[in-house]
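Numbering (full-length UniProt numbering), first residue to last: 1 to 922.
Every residue gets a Cβ at the ideal spot worked out from N, C-alpha and C, and that includes glycine.
Since the structure comes first, as structure tokens, the remarks are kept for the end.
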């Protein structure tokens, strides 16, 4: 029985209707009749005896070329033909067999592998991009094809389920989805068939049917462009840009009817031309880019005149060149001018480059102007910032715009967010992250046109409540300010990008497989040349994509605006008491048990915390040691301190903060006393991650009669800015500023001090970098000295090396830095629980530096090293793989006679084993 070409009769209400792209209904009916005839011929072509008669019958019935009919029917799968092509009716003479083949090829695989090979010319086969071996063995040649796939079935009309990438190599194929995950593979194909595979041809792979859409180059696959939707947006945008601007559809104007006895008076109305708010032709004017034709097509539906947007000269005259560039970049991003399909931006300038001023300039410009008819783009803006910076943002608005131009509302304990909702005089709301979570139900009811998140690296985890609530806001224009976009790994960077421009880098799994995995694998010491090449290609592509919406400038720009900065890393030899306690901790039963995997949870974190406290001062462990002596359970969390109390000297008290027991405190003591004596006009900032360590430093300042002020987590938010302003005042009597890096390590301007000491080290390098940038900022007049104190051979050096590794990863993606030979291996970073008692600087030995300090005679005795690694004892090696190549550009000093007198470290020569230092000159 003949198979009917009519659609299914069940459920006629949901029957899809086919509409041919003809404006003329007559032509449409002719086309439909010709398609029906074609369908009959295609299904019964084997039973036709007189082929020419059937062919002429079809052509006379349709009166249009059969090729055009086939094209029209295939419009949903291929590009639609224009009306002009369809109306170009000519008599076509095409064999019926070819008609059927053309009609069915997009939907079904009717050609055999032999027919596929014959259909390609020799030149097409040779032109196929391959990456085979040098000897030209075709069996190992590799090809990459963009395909679409569906489940293998005998249905005439296939339901394609998605796009994929097909990789052919020899006689094998592998099918990857757009997230880089393998969804099928097969082997046993003819290599000649795979080499001849071309557009619109089909192949069965692992229970799936694929159809080739295009052939990819090797560079497109290695760079990851084939997996990224953002990489292909340029073509669509270019085609859109050529579309004409729609004409304004104006109807007839309303005419008031005349009453009896009134004459007709013609009133001529003249519309005033719309001009830019500020003159764009004046010297030094900062003029924003105009929208493209495609942007006008999408956003200017009312066909308003396009005018120039000029930044207020009141602000632009104060902007430095890099800040003018930043304002322009942010404007292009939030307006949707840049080619990545979003309206978010990340301003990742280093600390002290004026990110706040750039955002204020952007907000003020969008609040008053717009490219279409001069209408403002932003009516209300939301600024979310750490609690310690709420008042700082308020002061910055007053500093640059005064109190009359723009009114901002800062949410605090005294000023509730409900008052902002009930008034319309405040276009800007400034709120802390913690307060935003508490009042989210009120904030979500408001329509903000722009959201700015200061210190946006706090949004590095999309699973936390703060990030998810901010992401739920409907505003598409989102700006993130952060000096450290990559802190620990690339997954945190993905979370920030996902908040800013959702979907621009694909899903989390796709990002991990396409970018993060190859990049991290390429930086391992055991990486193969192929992995290194693939990782570098993916890193370059990720850098190219992110540069569309991310702008980063380093502190080198500030060298010509700020005084010189000298960074000094001081390695301090542990005291005998610290060495005894450290060795006992490493040999404790708790550490041995957790290394053998006998304890649940994370007991090693307790051990790490104990070692870090010991490096700061032994008194931080004394109370725990006394409590541990009364502990019954040997595997209690405090058992790591068991037996320590007997190692303390007789008469040791918990509040004994004597510098003689801590090498770092001895170095700090020498620095503060010498600085206070020889440079009394200089002030200093002491930074720590722990409040108990700040207590020790506070007691030390009181014992030395140093005037000090303190800011930590217990300081009320309302008083923090007042403390900072008082310290920065030229009339301040405070010599020392005690700062908690957790509470005030971000955003604060402490230009009242010219020196800063980072007393301890954090696992996250971003926290340390933020804290160290508090003094080298705009307004600083003196040369800046920044000290980092590390205990030699201890866990602090290991953490420092890990920071180096993380900063190297950040540089590879953000700054497009290539992998350098001077790096640390992962094995070097695994010996956290080891103590090198005899080394002068473990980090310097890992560098294998050839500087003068390394050419001293080697000691005859073997260094005493205790290994206690998590799981396995790791032998310390001198291999350098994975790290901060910039250390090789620093100067390394071992001999105290070569210390600069401006460091003010003359009395600490015995405690200092090594110094790394580097100076940034203006």
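A distance of 8 Å or more separates the beta carbons of residue 735 and residue 673. A distance below 8 Å separates the beta carbons of residue 182 and residue 174.
Under DSSP, no beta-bridge partner is assigned to residue 585.
DSSP, read as helix, strand or coil, puts residue 189 in coil.
Counting C-beta atoms within 10 angstroms of its own C-beta, residue 898 has fewer than 16 neighbours from the protein chains shown and is therefore classed as exposed. Taking C-alpha positions only, residue 359 is separated from residue 785 by approximately 29 Å. For residue 376 against residue 482, the beta-carbon gap comes to about 27 Å, at or over 8 Å, which does not count as contact. Linking residue 647 to residue 581 through their CA atoms gives a straight-line distance of about 7 Å. Judged by DSSP in its simplified three-state form, residue 322 adopts helix. Assignment of residue 477 by DSSP, reduced to helix, strand and coil, places it in the coil class.
Exposure of residue 889 is indicated by the presence of fewer than 16 other C-beta atoms within 10 angstroms of its C-beta. Taken in chain order, the complete beta strand (DSSP E) segments of 3 residues or longer contained in the region 695 to 751 are 708 to 711, 736 to 740. Residue 216 and residue 165 have their C-alpha atoms some 9 Å from each other. By the CB criterion at 8 Å, residue 697 and residue 686 fall inside the cutoff. Beta-carbon to beta-carbon, residue 663 and residue 566 are separated by about 22 Å, too far to satisfy the 8 Å threshold. According to DSSP, residue pairing for residue 392 in a beta bridge does not occur. As a beta-bridge residue in DSSP terms, residue 385 pairs with 432. Taking 8 Å as the cut-off, the beta carbon of residue 577 is found closer than this to the beta carbon of residue 661.
If you ignore the 5 residues before and after residue 522, its C-beta comes within less than 6 Å of the C-beta of 531, 532, 535, all in its own chain and listed in chain order. DSSP, read as helix, strand or coil, puts residue 495 in helix.
For a cut-off of 8 Å, the C-beta gap from residue 752 to residue 728 is around 4 Å, short enough to register as a contact. Residues of the same chain with a CB within less than 7 Å of the CB of residue 799, apart from the 5 flanking positions on each side, are 761, 763 in chain order.
Inclusion of residue 478 and residue 499 in the CB contact set at 8 Å is warranted, their separation being smaller than that value. In the three-state scheme derived from DSSP, where H, G and I count as helix and E and B as strand, residue 621 is classed as helix.
By the Cβ rule, the region 551 to 567 counts as touching the region 773 to 781, because three or more pairs are nearer than 8 Å. Put simply, the backbone Cα of residue 287 is about 16 Å away from that of residue 373. Apart from sequence neighbours up to five positions away, the residues of its chain that approach residue 688 with a beta-carbon distance below 6 Å are 694, 759, 760, ordered along the chain.
Across the structure, residue 653 and residue 910 are spaced so that their CA atoms are roughly 26 Å apart. The shortest C-alpha to C-alpha distance from residue 706 to any of 516, 608, 669, 362 is the one to 669. Per DSSP, residue 367 lies in no beta strand (DSSP E) segment; the continuous alpha helix (DSSP H) that holds it begins and ends at 355 to 368. Residue 361 and residue 319 do touch by the CB rule: their CB atoms are close to 7 Å apart, below 8 Å. Counting only runs of 3 or more residues that sit fully inside the region 152 to 215, the beta strand (DSSP E) segments are 162 to 169, 172 to 177, 182 to 187, 202 to 205, in chain order.
Nearest in C-alpha terms to residue 509, of all of 491, 771, 389, 561, is 491. The residues 572, 574, 615, 663, 664, in chain order, have a CB closer than 7 Å to that of residue 791 in the same chain once the five nearest residues on each side in sequence are set aside. In the three-state reduction of the DSSP assignment, residue 537 falls in the helix class, which pools H, G and I. Residue range 784 to 791 is occupied by the beta strand (DSSP E) that includes residue 786, with no alpha helix (DSSP H) assigned at that position.
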